[in-house]
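Going down the list, the protein sequences come from chains A and B. First residue of the first sequence: 30, per our numbering; consecutive thereafter. First residue of the second sequence: 3, per our numbering; consecutive thereafter. Even glycine gets a Cβ: it sits at the ideal position worked out from N, Cα and C.
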Amino acid sequence: MSEMKDKLLEVNGLTMDFGGLRAVDTVSLNVCAGEIVALIGPNGAGKTTFFNCVTGIYKPTKGDVLVHPPEKKTQKINGFKSNRVTTIGMARTFQNIRLFQNMTVLENVMIGRHCRTTTSILGAVLRGSKTMRQERETVEKSYDLLEKVGLVKDADEFAKNLPYGAQRRLEIARAMATDPFLLLLDEPAAGMNPQETKDLDELIVRIRDMEKISILLIEHDMKLVMNISDRIYVMEYGKEIAQGAPMDIRNNPKVIEAYLGEESDA
Amino acid sequence: MVDNVKQSVLVALWFVFLTFPLMVVKVNTLNNIVEWRWMNMLWVAIGAFVLSIVWRWAMARRQLKNKKAEIGEEELTQAGLWQRSTEDPKIFKPVLTVIALVTLVFPLVVDIYQTNIMVLALIFVVLGLGLNVTVGLAGLLDLGYVAFFAVGAYTYGVLNSFFGFGFWISLPIGGLMGALFGIALGFPILRLRGDYLAIVTLGFGSIAKIVIENWEEVFNGAKGIANIPRPGFFGAEMSITSATVYTYYLMILMVVFAIFITNRLKDSRIGRAWMALREDEIACVAMGVDMARTKLGAYAFGAFWAGLAGVIFAARNTYINPNSFTFMESAIVLSIVVMGGMGSIVGVIIAALVLILTPEYLRAFAEYRMLMFGAVMVLMMIFRPEGLIANVRRKYAGRKVVTEDANV
């Protein structure tokens, strides 16, 4: 990967208050095209809150979230509803898997195509040629994505019947169905065994290289983070305490302190 | 098995003890003697014993099924009979033909009273199909659905008595008015979920009835609107009998129309968005689905059918008053949806016919009607919580098509 390329996501001084609690305190973060960026930190550091602010689930108290979609105008997306954020091209997964349990695996992915298709109620009833074409494309594209995450054979299974690791991969496929340029993964390896984590590791790199989708991920699994990230941001108590390449982060005393506690305490 | 018998004997004894003062002892105040009706005791014992055995058997069966479903064995056999009969054209076609023939001949062989009841049942089928979209697909619990039904009925009533509008013009207007009110109700409750949503819709249903009852100038209050014309047929004069039969065929057309449209919607982009909304709202919005639009669409679409059904209801009765639009009607329509199986079209139709027709034909047991209704609902929820016919998700033939396309 080459050095600094075009920025895709630019977050400046993002702050989020819940009443008197400052969950995220003036955090800035960039993701450039073709990068895998990791956001790490101890539990309760405000990583997921940061994600929620960026993807429109919360409206940030202060700060700017700017998106530079490739070949399109820059947009400030503070306070956009999350469906608009997704339509712009940033899709996410959730820390506690949020699949549509009682729909089939394929249908889960097809939902991701919703914002890229246009069939209305009337169109669905009349089933004109445009509707049928879109429907066919949706099915094909969804199967393609399932193939990429290795779930084609489970396409007609209910999402709730999938094993845990497969559910995580399905969430990624569903997010990819929205044609994003940036994928935000919230603890994709949580609860996975070492083998599954290794597969995921490969999948994420493949998504970046083959699909040309940049990735911002929150993760606790240090091995995965160190393996695949180009850059790492570290948060603690809502503040950003470090950023840099994996090697720098590994040796950063502040980070070690945040994770292991101060030396004098030991 | 021995255990079950032992338990059931205990249950029987316990019931004998409980009902002893009521069933066995009878004080005859005329002759000042106490009658001991030992036979009753025996009946109670036998009855309790048999019921207990059956109950235990059913419960054990259900547990076994749940266990199998957990392992994933049951899923295949479960969908079995029903799915096979809908997918295999060899079974499906003749069954459909028979049903079609019966529905066509029905009004010609039975008397007008039966036809009239059937029209009512079909109206509830349409209501059930409409609510099935709101509750079954989109997961928006609506306890005030009858309000939209009333909107439709009164649209026709008012338009007819004030402006002399006929049935055929009022029908689409009634449907659109229903949809409009659906959107109007939808806006303030977009953010509500679950229990809160249920309470607000319950309130809306009551408000609708109270407004109708008290706005004398327009709705004629509790007196209702009378002399509403039956559906016309190119201005032809019709006797009551032929008008009823005509309404019946109209209703059949309407049901077919409703099935056709809801079925198409179910497997479309919109239908999938509704289901996703039901499953997980946050994830659904995060996947790019516009929550407000989708929810309002579901409300409007459900209410549209209620509006249409309302117009036909007014035309069938030729008289409407607020008492036809109580919470009880909402509850029945909701029961139809729950009992039929959320999201399942065939299930809803069967449930509507059962729930509306049985009370009519059980007039002989009028006193026990509601008791049986309640008992059936309780048993349904215990033994088949997914409804009569569980909603089977569609399978999309895809992989083959894709590879062929790739070769081209």
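- Under a criterion of Cβ atoms nearer than 9 Å, the residues of chain B adjacent to A/Gln130 are, in order, Glu281, Asp282.
- For A/Arg198, the enclosing alpha helix (DSSP H) starts and ends at 193-205.
- Proximity of chain A to B/Phe303 at the Cβ level (cut-off 8 Å) is accounted for by Ile150, in chain order.
- Less than 9 Å divides the Cβ of B/Met289 from the Cβ of A/Gly141.
- Per DSSP, the beta-bridge partners of A/Tyr262 are A/Leu68, A/Gln272.
- Cβ-Cβ separation between A/Arg165 and B/Arg266: approximately 16 Å, too far for a contact (criterion under 8 Å).
- Taking C-beta atoms under 8 Å as the contact rule, A/Ser243 and A/Arg237 qualify, at a distance of about 7 Å.
- The criterion of a C-beta distance shorter than 9 Å is not satisfied by B/Phe221 and B/Leu298.
- Distance between A/Thr78 and A/Leu58, taken at the CA atoms: about 14 Å.
- Membership of B/Phe206 in the alpha helix (DSSP H) is indicated by the continuous run 196-216.
- Taking one beta carbon from each stretch, the region 353-365 of chain B and the region 256-264 of chain B have fewer than 3 pairs nearer than 8 Å; the two do not touch.
- Its chain contains Asp54 as the residues whose beta carbon lies nearer than 6 Å to that of A/Lys268, once the 5 sequence neighbours on both sides are disregarded; these appear in chain order.
- Around B/Ile272, the beta-carbon contacts reaching into chain A at under 8 Å are Thr148, Ser149, Ile150, Ala153.
- Distance from B/Gly345 to B/Leu142 at the Cβ level is roughly 13 Å; contact not present, criterion being Cβ atoms closer than 8 Å.
- A/Gln163 counts as buried, since at least 16 other C-beta atoms from the protein chains shown sit within 10 angstroms of its C-beta.
- Chain-ordered, the chain B residues with CB closer than 9 Å to the CB of A/Arg156 read Arg266, Ser270.
- A Cβ-Cβ separation of about 4 Å places A/Ala120 in contact with A/Pro209 under the 8 Å criterion.
- Fewer than three Cβ pairs drawn from the region 199-214 of chain B and the region 335-353 of chain B lie within less than 8 Å of each other, which leaves the two stretches out of contact.
- For A/Asp46, the enclosing beta strand (DSSP E) stretches over residues 36-47.
- Note on geometry: alpha-carbon atoms of A/Lys170 and B/Leu145 lie some 39 Å from one another.
- Residue state for A/Gln104 is assigned as strand, using DSSP reduced to three classes.
- At a C-beta separation below 9 Å, A/Arg51 has no neighbours in chain B, since its nearest C-beta there lies roughly 23 Å away.
- Burial of A/Thr115 is indicated by the presence of at least 16 other C-beta atoms within 10 angstroms of its C-beta.
- Contacts with chain B (Cβ-Cβ distance below 8 Å) from the region 183-196 of chain A involve Ala184, Asp185, Phe187, Asn190, listed in chain order.
- When Cβ-Cβ separations below 9 Å define contact, B/Val287 makes contact with chain A.
- Under the criterion of beta carbons closer than 8 Å, B/Ala317 and B/Thr249 qualify as touching, at roughly 7 Å.
- Taking a Cβ-Cβ cut-off of 9 Å, the neighbours of A/Glu136 in chain B comprise Arg274, Met277, Ala278, Arg395, Arg396, Tyr398, given in sequence order.
- For A/Asp215, the enclosing beta strand (DSSP E) covers residues 211-215.
- Chain-ordered listing is empty here: chain B has no CB closer than 7 Å to the CB of A/Met255, the nearest sitting near 28 Å.
- With a 10 Å radius around the Cβ and a threshold of 16 neighbouring Cβ atoms, B/Val380 comes out exposed.
- Of all residues in the region 54-88 of chain A, only Thr84, Gly85, Ile86 place a beta-carbon less than 9 Å from a beta-carbon of chain B.
- Rounded to the nearest whole angstrom, the C-alpha separation of B/Ile209 and B/Tyr147 is 12 Å.
- For B/Glu37, there is no enclosing alpha helix (DSSP H); the enclosing beta strand (DSSP E) covers residues 35-38.
- A Cβ-Cβ contact shorter than 9 Å links B/Ile254 with B/Thr105.
- Per DSSP, reduced to three states, the secondary structure at A/Val56 is strand.
- Put simply, the backbone Cα of B/Thr99 is about 30 Å away from that of A/Ser158.
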